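Following: one structure in structure tokens, then a few remarks.
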Amino acid sequence: MAARREPELGRRGLAITGLGTFTGARLAERLLEGDAPPRIVALDLRLPRRLEGRVRFHRVDLTEPTADSLLAEILEKESCDAVLHAAFFTDPHPDLELSHEVEVVGSLHVMNAAAAAGVRKLVVTSTAQVYGPHPDNPGFLGEEHELRPHRQAHALRDRAEMEGLLRIFAQRHRDLVVTSLRPSWIMGPSFESSVTRRFESSRLVTLLGYDPLLQFLHEEDWLDAVELALERDAPGALNLAGDGVLPLSTLLRLAGKRSLPLPHPLMYRAAQLDSLARTGDPPAAFFDYLRFGWVVDTRRARELLGFEPIYTTQEAWMSFVVARKLRGYR
Amino acid sequence: MSREIPPDVLAELRASVRSLRRELESRFGVGEALADPSEASDSLDEQSLEDDPGAEREPAPERLGPGWLQQLRSQLGAQLDEFDVVKLYESLRERIAIPGSGDISAEVDDFGLDERYLQRARRWLDWLYESWWRVDVTGIEGVPDAPRVLFVANTAGILPWDALMIAHAVERTHPSGRRPRPMVADWIATLPFSHSRLARLGAVRACAENAERLLAANQWVIAFPEGQKGALKPFRDRYRLQRFARGGFVSLAARLRAALVPVAVIGSEEVHPILFEPRILRRLLGVPIPVTPTFPLLGPLGVIPLPSRWRIRFGEPMWFDDVSAERALDPLYVNRTRERVRGAIQNLLDEELPRRRSVFA
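Top line first, the protein sequences correspond to chains C and F. Each step along the first sequence adds one to the number in my numbering, with nothing skipped, and position 208 is 202. Position in the second sequence (from 1) plus 445 gives the number in my numbering.
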């Protein structure tokens, strides 16, 4: 059976960097449960136990100086025709240098290896936070809008730098379909990040006098979008978010959470040390995203990808809230 | 009449009403909504049970037998049982719904307009419109009932009262009853409190992308091309239009085939007479801080706009149906049209200004 399918699968090799991340692991599981599972080549530091024996695992450290040639070798040997690059820290890593090495230099390795190995498609998981929270943002940010991540958020600055490199890379390699996915904040029953952890508590610190419109993307919709991006060709950046926007205060009210509004100059100063220790960024790097709007326009993903989110912003949020309540968090 | 009731019974009745009142106050925190405790029984009837037909104000004074007390008790008990706390709560909320404390709905539109919030704010906008500024509207019959209309108006002052009032005037006087979406300066978003409220009332940040999206969705939009220069213009320059940005609004109206309606607002430029705007404060704080006779001298009180008398005049609409797509982007054409619009608004202002006898009358 396996022998009969081998040639067909050989054409459909999919390499996933960062298999240990939520996106990598969940997408691999999803594809393996599908009708015609591709041959998944996992590239990470270690293999998640639940995927043992189901994927072809290669240990790759993206911070090594020669990771690109190692990667190219593996991609060629395994005859992969698509690469999903998900090896990013879900949360800002307090080690700024390591973070930069993995996110920017590591991504560069992946890009170069993909080009050298003759891969047909490269999908990169970015974030809509790279647009940055700014009072002069338009109501809906299009993909062509300038990337102005919060200047104190090192992880997002790195991500924006990576996006810049990716754009140059895509211009040089026209034969390669390069897609970068920019989801707004992902919410759902199982996705965990520093953002969801902030929203988990029953009392959320907010900024006095600010009530921005927020968008959420449900985790299943996010995985759908990644799958679609691997299936269909949509070169360029794509914004992803659920339908609708809601003000922060309304979200908290829907969830029965209370807000603790603090004046931002005070709060930024008070939370400085704690925040630096946890994420390496001052608190403004997160809380400014609760101060000014950064709502994205998802029309391009709808047109090019046929992406139709199942969950609206409100539903994604409620699904997150309900799941956490059932699990005993608040 | 009440002296016919035995004093101990009256005291008991008062005590029970007082405890009810305390409970209501602790629950809703609005002492003013219910009146003086000395007249508690009367005031309770008047204020909160007014639409209850069975409201029994006086017990039957003739039958002083042991029966009447029980009757009174049972009547009062029945009344308290059907006393709908939720309804009272809603009516109190209705009564004291000031912008900001009124409740909000679970859905907003793309730019944050909250219908329910707007509904609650309407009584305040009505009051500002009718009593505070006594707005006169002329020329509204010239505003076409087209799917896309772009209003272009003069502006002054930091807080966009003029934007709210033009939107309100159109909604109240135009037969279509449509409410245009005002575009407000972007640094409003950096001020705490103001932006979230304005967004709930339908305002959006002034930028080409937002205007295009709204017009493309067949919404009516109000633009203030003077922008920050207009908002910060000193009092001596009132009703002298500042330069109009780059004329993006012209090419937008031409491309999207929107009717362009010049609007002149008289009175709005006196509500916050700006004496000067110190540059040093802007550099220090990042936001412009204008100095008016009352602000920052009187602190928060200085933000209250002066009650000048307003006149809103809508001019003849301009149509761009015969303008080709290339022409709509031609800088010379855009520039010329922009100046035409500016001239039209200035003319309206110059016509209206001599007609008023004084700023406040």
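From the three backbone atoms N, C-alpha and C, an ideal C-beta is built for every residue, glycine too. Predicted model, so just to flag it, every value in this text is computed and none were measured.
For SER174/C and GLY7/C, the rounded distance between their alpha carbons: Computed Cα separation, rounded: 20 Å.
Between the CA atoms of LEU604/F and PHE286/C - distance to the nearest angstrom: Their Cα atoms are separated by approximately 19 Å.
DSSP state of VAL649/F mapped onto helix, strand, coil: Strand, per DSSP.
Per-residue DSSP class, three states only, for ALA317/C: DSSP places ALA317/C in helix when its eight states are reduced to three.
Burial state of SER713/F, where buried means 16 or more other Cβ atoms lie within 10 Å: Taking every protein chain shown into account, the CB of SER713/F has 16 or more other CB atoms within 10 angstroms, so this residue is buried.
contact_flag[the stretch 648 to 667 of chain F, the stretch 697 to 708 of chain F] where n(CB pairs < 8 Å) is 3 or more: Touching, yes.
Chain-ordered neighbours of PHE286/C on chain F, where CB pairs are closer than 7 Å: Within 7 Å Cβ-Cβ: ALA634.
Interface partners of LEU202/C on chain F, CB under 7 Å: PRO637, listed in chain order.
Selection of the stretch 109 to 141 of chain C by Cβ proximity to chain F, strictly under 9 Å: So the list reads HIS128, PRO129, ASP130, ASN131, PRO132, GLY133, PHE134, LEU135, GLY136, HIS139, given in the order they occur along the chain.
Secondary structure of ALA598/F, DSSP reduced to three states: Secondary structure of ALA598/F (DSSP, three-state): strand.
Cβ of ALA653/F within 9 Å of any chain C Cβ: Taking Cβ atoms only, chain C reaches closer than 9 Å to ALA653/F, which makes this a yes.
Per-residue contacts from ALA847/F into chain C (C-beta, under 9 Å): In the structure as shown, chain F starts at 446 and stops at 806, and residue 847/F therefore has no counterpart that could be examined.
Short CB-CB distance (under 9 Å) between PRO206/C and chain F: Chain F places a beta carbon closer than 9 Å to that of PRO206/C, counting this residue as a contact.
Buried or exposed by the 16-neighbour rule on C-beta atoms within 10 Å, applied to ASN792/F: So ASN792/F counts as exposed.
Residues within the stretch 694 to 713 of chain F neighbouring chain C, beta-carbon criterion of under 8 Å: Going along the stretch 694 to 713 of chain F in chain order, one finds no residue with a Cβ nearer than 8 Å to chain C.
Alpha carbon of PRO451/F to alpha carbon of ARG466/F, nearest angstrom: Straight-line Cα distance between these residues: approximately 23 Å.
Contact belief for GLU72/C with VAL35/C at Cβ below 8 Å, rounded distance in angstroms: Indeed they touch by this definition, with Cβ atoms about 5 Å apart.
Alpha carbon of HIS167/C to alpha carbon of ALA109/C, nearest angstrom: The alpha-carbon atoms of HIS167/C and ALA109/C are separated by roughly 7 Å.
Beta-carbon gap between GLY675/F and THR600/F smaller than 9 Å: Yes, they are a contact pair.
Chain C residues whose Cβ lies nearer than 8 Å to that of GLY557/F: Neighbours of GLY557/F in chain C, taken as residues at a C-beta separation under 8 Å, are given in chain order as LEU207, VAL239, PRO241.
Within-9 Å CB hit, VAL884/F to chain C: Since the displayed chain F opens at 446 and closes at 806, residue 884/F lies outside it and no answer follows.
Contained beta strand (DSSP E) runs [length at least 3] in the stretch 670 to 705 of chain F, N- to C-terminal order: Those beta strand (DSSP E) runs which fall completely within the stretch 670 to 705 of chain F and span 3+ residues do not exist here.
Inter-residue spacing [alpha-carbon to alpha-carbon] between ALA690/F and PRO589/F: Between the alpha carbons of ALA690/F and PRO589/F lies a distance of about 26 Å.
Beta-carbon proximity of THR15/C to ALA81/C, cut-off 9 Å: Less than 9 Å divides the Cβ of THR15/C from the Cβ of ALA81/C.
Within-9 Å CB hit, PRO229/C to chain F: PRO229/C does not count as touching chain F.
Residues bridged to GLY112/C (per DSSP): The partner list for GLY112/C (beta bridge, DSSP) is empty, contrary to what the question assumes.
Three or more C-beta pairs below 8 Å linking the stretch 99 to 106 of chain C and the stretch 151 to 169 of chain C: They touch, by the three-pair rule.
Backbone secondary structure at VAL334/C - three-state DSSP: Within the shown structure, residues of chain C are numbered from -5 to 324, placing residue 334/C beyond reach of any answer.
Per DSSP, cross-strand counterpart(s) of ASP38/C: In the DSSP output, where bridge partners are listed per residue, ASP38/C has ARG53/C.
The beta strand (DSSP E) enclosing MET181/C, as first and last residue numbers: Unbroken beta strand (DSSP E) run through MET181/C: 179 to 181.
Validate contact between the stretch 236 to 243 of chain C and the stretch 209 to 216 of chain C using beta carbons, cut 8 Å, 3 pairs: Verdict: yes, contact present.
Cα-Cα separation between SER493/F and LEU270/C, rounded to whole angstroms: Note that SER493/F has pLDDT 43, beneath the 50 cutoff, so the model's placement of it is unreliable and no number is given.
Beta-ladder partner(s) of PRO750/F, from DSSP: In the DSSP output, where bridge partners are listed per residue, PRO750/F has none listed.
Uninterrupted alpha helix (DSSP H) stretches inside the stretch 169 to 257 of chain C (no shorter than 4 residues): Within the stretch 169 to 257 of chain C, the complete alpha helix (DSSP H) segments at least 4 residues long are 188 to 194, 213 to 225, 242 to 249, listed from N- to C-terminus.
Endpoints, alpha helix (DSSP H) assigned at ILE68/C: Where ILE68/C is concerned, the enclosing alpha helix (DSSP H) stretches over 61 to 71.
Cβ of ARG645/F within 9 Å of any chain C Cβ: Closer than 9 Å: yes.
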